[in-house]
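J.: In this text, residue positions in the sequence shown follow our numbering: the first is 2, and each later residue adds one.
So that we are looking at the same thing, I have put the structure below in structure tokens.
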Amino acid sequence: MSLKEFDTVIDRMNLAFDSANNLGQFIAAGRILFQMNEFLPDDLQLSLEEIDDPNAAKSFILENESNLKIAIREYRESLMLL
């Protein structure tokens, strides 16, 4: 994935986090994060069950939001070095 493509995904992720935090739309945020699973460490990857269960998606996002943002930023930085 190119840096530009990844930046587009990051923009979508930030919108998803905003909608999750402001509107309670955790499933939408979970679906976007699920699309990014391959770029995340194993312990920060979502399962299909988590993105379809509102309580599980909410719990995962609230517990891991800062770690997810750090992991995504680190991956983006590695793309910049290529």
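Glycine included, C-beta positions come from ideal geometry on N, C-alpha and C.
Round the Cβ separation of E123 and A57 to the nearest angstrom and send it over; I've been treating them as touching at under 8 Å.
T.: Lying outside 2 to 83, the shown extent of the chain, residue 123 is not represented and no answer is given.
J.: Rounded C-beta distance between I73 and M37? I'm assuming under 8 Å.
T.: I73 to M37, Cβ: 7 Å. Contact.
J.: L82 and F7 look like a contact to me (Cβ under 8 Å); what is the Cβ gap, rounded to whole Å?
T.: Actually they are not in contact, since the Cβ atoms of L82 and F7 sit about 13 Å apart, beyond 8 Å.
J.: Taking 8 Å as the limit between beta carbons, can you name the residues of its chain near N68, skipping five residues before and five after?
T.: Result list for N68: L45, in chain order.
J.: Measuring alpha carbon to alpha carbon, tell me which residue in P42, D54, F27 and E64 is nearest N76.
T.: According to the sequence provided, residue 76 is Tyr. The question's Asn does not apply to it. It is P42 whose Cα lies nearest to the Cα of Y76.
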